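For the record, the sequence lines run as chains A and B.
At position 28 of the first sequence the residue is numbered 37 (our numbering), and the sequence of numbers has no breaks.
At position 5 of the second sequence the residue is numbered 13 (our numbering), and the sequence of numbers has no breaks.
Some notes on the structure that comes next.
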Amino acid sequence: NAGVTQTPKFRILKIGQSMTLQCTQDMNHNYMYWYRQDPGMGLKLIYYSVGAGITDKGEVPNGYNVSRSTTEDFPLRLELAAPSQTSVYFCASTPRVNTEAFFGQGTRLTVV
Amino acid sequence: AQSVTQPDIHITVSEGASLELRCNYSYGATPYLFWYVQSPGQGLQLLLKYFSGDTLVQGIKGFEAEFKRSQSSFNLRKPSVHWSDAAEYFCAVGGSGNTGKLIFGQGTTLQVKP
């Protein structure tokens, strides 16, 4: 079972570069999420989607964009990378509200 | 607004000793509560969850948690810790409208001494 798959696992970006973090799930879940994890801060929600074509901002959306053209995929776009975006990024999905979320393995991003 | 507090950033216990990780939440209605574990370099794995019913819930790997509404707490316990339990533990609360969003605590890092 693949579950939630994130690529790449690691990436180093230079300030001002852009990149897309890929996330795909094979469980036909409607709800998908992007979180970032910083030491001592837990996980903060960046963006989420309740279904294909529907996205909304979370707690910390500045500097990021998302799209949800299919149920399976939920890419996260970083434009003009900044050192403050150095973090570990997790994608998650859930089949419905008020149930457990399934997480990918994470992408460790460093902006230098 | 919903919030989750894990008062202990770092805990060290000896192998074989008992463990309790604290979690306090703020939420207006009945919360949906979760404990996740993250091993180094890995994603988050669900340990257990509470939605309703029995306030003592059992999870994987010998963990349990008790929901106490009067104390707004959902503490995680294990009677005897194994070296492989060394990891970071996150408490989370859900139940906000129809989005499925989770609010996470800051996390507690567990170190196990031999």
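All residues carry an ideal CB built from backbone N, CA and C; glycine is no exception.
What you are looking at is a predicted structure, and each value in this text was computed from that prediction instead of being measured.
Out of the options, state which residue places its alpha-carbon closest to the alpha-carbon of residue i.
i	options	result
G115 (chain B)	B:S92, B:D16, B:L54 and B:H90	B:D16
A95 (chain B)	B:H18, B:S11 and B:A73	B:H18
L52 (chain B)	B:P39, B:G108, B:Y58 and B:Y97	B:Y97
S92 (chain B)	B:V120, B:L54 and B:Q50	B:V120
G25 (chain A)	A:V106, A:S102 and A:L89	A:L89
M36 (chain A)	A:A110, A:V121 and A:R117	A:A110
I68 (chain B)	B:C99, B:K57 and B:G61	B:K57
G72 (chain A)	A:L85, A:T80 and A:G60	A:L85
V9 (chain B)	B:N106, B:P122, B:V101 and B:L118	Here residue 9 (chain B) turns out to be Ala, not Val, going by the sequence shown. The option with the nearest alpha carbon to A9 (chain B) is B:V101.
V65 (chain B)	B:S47, B:R85 and B:P48	B:R85
Q34 (chain A)	A:V121, A:F19, A:P70 and A:S102	A:S102
L54 (chain A)	A:P70, A:Q31, A:L30 and A:C32	A:P70
Just to confirm before moving on: does the CB-CB distance between residue i and residue j stay below 7 Å?
i	j	result
F83 (chain A)	M41 (chain A)	yes
Y44 (chain A)	V75 (chain A)	no
S60 (chain B)	S34 (chain B)	no
Q14 (chain B)	G113 (chain B)	yes
For residue i, which residues of its own chain have a beta-carbon under 7 Å away from its beta-carbon, when the five flanking residues on both sides are left out?
i	result
Q46 (chain A)	L52, S96, V97 and F99
G115 (chain A)	Q15, V97, Y98 and F99
G49 (chain B)	none
A5 (chain A)	Examination of residue 5 (chain A) is not possible in this model, given that chain A is present from 10 through 121 alone.
Between which residues of its own chain and residue i is the CB-CB distance below 6 Å, once the five residues before and five after are set aside?
i	result
T119 (chain A)	I21 and T95
S81 (chain B)	N32
F42 (chain B)	K57 and A100
V45 (chain B)	Q53, L55, A95 and Y97
P87 (chain B)	S26
F19 (chain A)	R117
Q31 (chain A)	T16 and P84
Grab me the residues of residue i's own chain with a C-beta within less than 8 Å of its C-beta, minus the 5 sequence neighbours each way, in chain order.
i	result
P104 (chain A)	M36, N37, H38, N39 and Y40
With residue i and residue j assumed to form a contact (beta carbons below 8 Å), what rounded beta-carbon distance in angstroms separates them?
i	j	result
V13 (chain A)	T107 (chain B)	About 18 Å separates the two Cβ atoms, so there is no contact after all.
(request) Would you check if the region 77 to 94 of chain A and the region 23 to 41 of chain B touch, i.e. whether three or more CB-CB distances between them fall below 8 Å? (result) Flag = no, the region 23 to 41 of chain B and the region 77 to 94 of chain A do not touch.
(request) Determine contact between the region 30 to 39 of chain B and the region 70 to 85 of chain B, defined as no fewer than three beta-carbon pairs at a distance below 8 Å. (result) Yes: at least three Cβ pairs fall under 8 Å.
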